[in-house]
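Numbering (mature numbering (1 follows the signal peptide of the UniProt record, and there is no 0)), first residue to last: -18 to -1, 1 to 366.
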């Protein structure tokens, strides 16, 4: 029995030790390591792509006023009595039949309702809501693609004039923010997920999928991003499962930005070692992504160069670095500044939308009154 117990204990020890070794991280960057920061950027992209703007049907206001106009015109055409005409000219209403006076007063009420309706409609149009929404959407587009950028101008504007990846995405070991880090969301996605143009040099599935798969045609190394449109299509596809629900309010959007800043404060993981053995790991404040350095060297901290830190070739990093100073992030991350400003504009825009919605409700009330007056007048004129 003692022998059997010893065998069981030895077996358990082997299983536990084997499990620990199999779960241990390798030195080089592995598949899916950037999924968490990638999902966070996707949620931010979702805010910019589907901003929490409250829309209102402006055509409804036009249609209501047209209905009121039509009712007013219809009543005018039906009132062909001389007594009514005399009423408009100031003749004493006591000399008119009661039905004629009632019809004339109904016509007067309809005129007043029509004037109020047009005044409200003018107020709605003076807000220029469509132009304001168009401007807001343009601002959100700059968050994604940068100034003058869009889906069709990735090379000409969004990633224009970019070269060496570590220079553009950041050098955490030197405490140097990437020259293009935070320029727009597309750039940051590429820093975080794109393979190098020589796939053997870099991590292949850092964000859980290929972003640049064919050597020399797609990816980002020392000569700037290649195949930007194809890589961006991959990013959007990867973001799909993180964008199933659009943000419902600016408060929700700001909460996502707060999470982003907290994530930066915590920092991205980098590890170091020798050979392929991990000797230690830390977090680098201001870094989004994963990095690898070499033990006992100045290169212990990573570079955001897209390399996977393969044995004998550290440092590496599939990351974007916004700098060490947390107080400067909100100033130096261009897309973050633009997104915060855009959300403030959305608050103002949604207040206008709420005002317009209340005005449309007023128009609906006026239409109901106009319809009642019209029906009453129709009965009166039929009696006459």
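Glycine included, C-beta positions come from ideal geometry on N, C-alpha and C.
What is the C-beta distance between residue i and residue j, in whole angstroms, given that I count them as a contact (C-beta under 8 Å)?
| i | j | result |
| --- | --- | --- |
| residue 299 | residue 318 | Incorrect: roughly 21 Å between the Cβ atoms, too far for contact. |
| residue 31 | residue 102 | The pair is not a contact, with the Cβ atoms about 34 Å apart (cut-off 8 Å). |
| residue 204 | residue 145 | 7 Å |
| residue 209 | residue 194 | 6 Å |
| residue 192 | residue 216 | 6 Å |
| residue 301 | residue 337 | About 45 Å; that fails the 8 Å criterion. |
| residue 275 | residue 178 | In fact, because the Cβ distance is near 18 Å, the residues do not count as touching under 8 Å. |
| residue 139 | residue 128 | 6 Å |
Considering residue i, what are the terminal residues of the alpha helix (DSSP H) in which it resides?
| i | result |
| --- | --- |
| residue 27 | 17 to 31 |
| residue 289 | First-last for residue 289: undefined, no H or E at that position. |
| residue 148 | 147 to 151 |
| residue 168 | 167 to 175 |
| residue 236 | 232 to 248 |
So is residue i buried or exposed if we call it buried at 16+ other beta carbons inside 10 Å?
| i | result |
| --- | --- |
| residue 348 | buried |
| residue 340 | exposed |
| residue 25 | buried |
| residue 268 | buried |
| residue 222 | exposed |
| residue 199 | exposed |
| residue 159 | buried |
| residue 356 | buried |
| residue 303 | buried |
| residue 37 | exposed |
| residue 64 | Residue placement at residue 64 is flagged as unreliable, the pLDDT there being 44, under the threshold of 50; a coordinate-derived value is accordingly withheld. |
| residue 313 | exposed |
| residue 170 | buried |
| residue 10 | buried |
Helix, strand or coil, according to DSSP, for residue i in the structure here?
| i | result |
| --- | --- |
| residue 283 | coil |
| residue 356 | helix |
| residue 207 | strand |
| residue 265 | strand |
| residue 213 | helix |
| residue 103 | helix |
| residue 120 | helix |
| residue 42 | helix |
| residue 310 | helix |
| residue 323 | helix |
| residue 270 | strand |
| residue 222 | helix |
| residue 98 | helix |
| residue 193 | coil |
| residue 141 | coil |
| residue 276 | strand |
| residue 5 | Any reading at residue 5 must be qualified, since the residue scores a pLDDT of 40, below 50, and its modelled position is unreliable; the value itself is stated next. If DSSP states are grouped into helix, strand and coil, residue 5 belongs with the helices. |
Starting from residue i and walking both ways along the beta strand (DSSP E), at which residues does that stretch end?
| i | result |
| --- | --- |
| residue 302 | 298 to 303 |
I want to see whether chain C comes within less than 8 Å of residue i, judged by CB atoms only; does it?
| i | result |
| --- | --- |
| residue 346 | Among the chains in the structure shown there is no chain C, since it carries only a single protein chain. |
Please name the residue in the options whose C-alpha comes closest to that of residue i.
| i | options | result |
| --- | --- | --- |
| residue 41 | 112, 217 and 89 | 112 |
| residue 260 | 291, 116, 230 and 332 | 291 |
| residue 252 | 309, 190 and 154 | 154 |
| residue 212 | 176, 232, 184 and 204 | 176 |
| residue 33 | 338, 335 and 324 | 324 |
| residue 117 | 35, 351 and 249 | 35 |
| residue 283 | 254, 270, 311 and 305 | 254 |
| residue 161 | 188, 55, 276 and 315 | 315 |
| residue 21 | 358, 46, 238 and 360 | 238 |
| residue 56 | 246, 92 and 167 | 92 |
| residue 266 | 256, 165 and 248 | 248 |
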